[in-house]
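Note sheet for the following structure.
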Amino acid sequence: MLLDKLLVWMGKLDLSSIEFKTPSVVEGISSSKRGALILVSHLGNIEVCNALRQKLAEVKLTILVNTQHAEKFNSLMNQLDSNTHAELLQVNELSPATAMMLSERIENGELIVIAGDRTPEHAGRISNVSFLGHKAPLPQGAFILASLLKCPVYLLFCLKQQNKYAIYVELFSERLIFSRKTRQQELDISIQKYARRLEHYCMEAPLQWYNFFSFWHKSTDNPSLKKTKM
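Residue numbering for the sequence shown follows the working numbering, starting at 243 and increasing by one per position.
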């Protein structure tokens with residue numbers, strides 16, 4: 243698995259070991275030439291989403307992460323492969339400058355990738371949704387970002403099936419729009435929809451669930467979960 247991760251980032255993972263289960267959706271992304279937001283999760287090998295840049299030739303990926311090592315990783319990847327079209331971007335909070343930069347990338351036809359299932363430890367808005375039989379607080383950040391970018395939103399799941407990676411890409415919404423009056427309710431509905439799809443694929447491969455945050459046990463009364471920098 244670790245070797246596969248490195249090969250993916252170098253663009254060296256053999257595409258014959260990857261099966262796109264929804265090829266028409268992937269082809270639609272390519273032919274539209276439109277930028278889009280892709281919601282991923284910690285189910286399966288999240289790095290295989292980078293295989294999209296092999297499948298979609300010149301499409302550039304910006305992968306939003308919450309890590310201090312993003313710049314070092316980008317430097318390493320450039321040393322290994324100067325033609326890489328994927329960039330890790332550390333985003334701890336969504337500032338106006340960051341939003342404008344991401345919007346420009348969307349306008350240029352790039353893909354923005356962000357995980358939709360990592361609950362912030364210290365700050366961030368959450369929605370309590372039903373997930374695998376329990377209430378779980380999932381983050382609103384990715385969905386708020388999608389509404390700001392005004393672009394199509396896709397879901398991407400990657401599961402190891404026998405000796406291949408199976409990639410599922412689904413259209414989640416042509417555009418997420420949240421009104422001021424009913425914003426919270428609309429966010430809850432969208433995040434519950436995401437949770438249902440994540441739940442579906444978790445049931446397909448429960449041992450590939452690599453989110454080690456015990457978010458089922460988080461208390462919604464914790465004030466740190468109600469703060470936001472969005």
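The C-beta atom is built at its ideal place from N, Cα and C for all residues, glycine as well.
How is E352 classed by DSSP in three states: helix, strand or coil?
Position 110 of the sequence shown, counted from the start, is the residue given in the question as residue 352. Three-state DSSP puts E352 in coil, outside helix and strand.
As assigned by DSSP and simplified to three states, the class of S372
Here residue 372 refers to the residue found at position 130 of the sequence shown. Strand, per DSSP.
For the beta strand (DSSP E) containing Q403, name the first residue and the last one.
Indexing the sequence shown from 1 puts residue 403 at position 161. Taken as a continuous stretch (DSSP letters only), the beta strand (DSSP E) holding Q403 covers V395 to Q403.
Per DSSP, which one or two residues make a beta bridge with L387?
Indexing the sequence shown from 1 puts residue 387 at position 145. Among the bridge pairs identified by DSSP, L387 is matched with none.
Using the Cβ count rule (16 or more neighbours within 10 Å means buried), how would you classify N405?
On the sequence shown, position 163 is the one that residue 405 refers to. Under this definition N405 is an exposed residue.
Tell me the DSSP bridge mates of I260?
The sequence position of residue 260 within the sequence shown is 18, counting from 1. Paired residue(s): Y407.
G270, DSSP secondary structure in three states:
The residue given as residue 270 occupies position 28 in the sequence shown. Correct three-state label for G270: helix.
Residues bridged to T304 by DSSP?
Here residue 304 corresponds to residue number 62 of the sequence shown, with the count starting at 1. Residue pairing for T304: DSSP places it in a beta bridge opposite E329 and I354.
Count the other CB atoms, across all protein chains shown, that sit within 10 Å of the CB of P379; report buried if there are 16 or more and exposed otherwise.
Looking up residue 379 in the sequence shown gives position 137. Using a 10 angstroms sphere on the CB of P379, the tally of other CB atoms reaches 16 or more, which defines it as buried.
Measure the alpha-carbon distance for Y407 versus I271 and round it to whole angstroms.
Position 165 of the sequence shown, counted from the first residue, corresponds to residue 407. Position 29 of the sequence shown, counted from the first residue, corresponds to residue 271. About 20 Å.
Does the beta-carbon of G375 have 16 or more other beta-carbons within 10 angstroms, so that it is buried, or is it exposed?
For the purposes of this step, residue 375 is identified with residue 133 of the sequence shown, where counting begins at 1. In this structure G375 is exposed. Its beta-carbon is surrounded by fewer than 16 other beta-carbon atoms within 10 angstroms.
Touching or not, the segment 415–422 and the segment 300–307, by the rule of three or more beta carbon pairs under 8 Å?
The segment 415–422 is not in contact with the segment 300–307.
Identity of the residues DSSP links to K377 by a beta bridge:
One-based indexing of the sequence shown puts residue 377 at position 135. K377 is bridged by DSSP to S372.
Same chain, Cβ closer than 6 Å to S259, neighbours up to 5 away in sequence not counted:
Position 17 of the sequence shown, counted from the first residue, corresponds to residue 259. Around S259: K406.
Identify whether A341 lies in helix, strand or coil by the three-state DSSP scheme.
Taking the first residue of the sequence shown as position 1, residue 341 is located at position 99. In the displayed model, A341 falls within a helix according to three-state DSSP.
Cβ separation of L281 and Y436, assumed to be a contact under 8 Å, to the nearest whole Å:
Taking the first residue of the sequence shown as position 1, residue 281 is located at position 39. Taking the first residue of the sequence shown as position 1, residue 436 is located at position 194. Yes, L281 and Y436 are in contact; Cβ-Cβ is about 6 Å, under 8 Å.
Taking DSSP as the reference, what is the three-state secondary structure of E412?
As a first step, residue 412 is located in the sequence shown; it is residue number 170 there, counting from the start. Here E412 sits in strand by DSSP.
Nearest neighbour of L429, chosen from C393, E446, S389 and M445 [CA to CA]
Mapped onto the sequence shown, residue 429 falls at position 187. Of C393, E446, S389 and M445, the residue nearest in Cα terms is S389.
May I ask you to report which of helix, strand or coil DSSP gives L318?
Position 76 of the sequence shown, counted from the start, is the residue given in the question as residue 318. At L318, the pLDDT of 48 sits below 50, so the modelled position is not reliable; the number obtained from the coordinates is stated separately. In the structure shown, L318 sits in a helix (DSSP, three-state: H, G or I).
Any heavy atom of the ligand ATP closer than 7 Å to the CB of F385?
Although the ligand ATP was asked about, the structure shown includes no ligands whatsoever.
Distance between N370 and P394 (C-alpha atoms, nearest Å):
What you label residue 394 is simply residue 152 of the sequence shown in a count that begins at 1. What you label residue 370 is simply residue 128 of the sequence shown in a count that begins at 1. Our two residues, P394 and N370, have alpha carbons roughly 24 Å apart in a direct line.
Pop quiz: I354 and L279 are said to be a contact at Cβ under 8 Å. What is the actual Cβ separation, rounded to whole angstroms?
Locating residue 354 in the sequence shown gives position 112, counting from the first residue. Locating residue 279 in the sequence shown gives position 37, counting from the first residue. Cβ atoms of I354 and L279 come within 8 Å of each other, at about 5 Å.
What would DSSP say about L336, mapped onto helix, strand or coil?
Working through the sequence shown from its first residue, we reach residue 336 at position 94. Coil, per DSSP.
Leaving aside the five residues before and after E352 along the sequence, list all residues of the same chain whose C-beta is less than 8 Å from its C-beta, in chain order.
Reading the sequence shown from its first residue, position 110 is the one you call residue 352. Counting only Cβ-Cβ distances below 8 Å, and skipping sequence neighbours, we find G277, V301, K302, L303 and T304.
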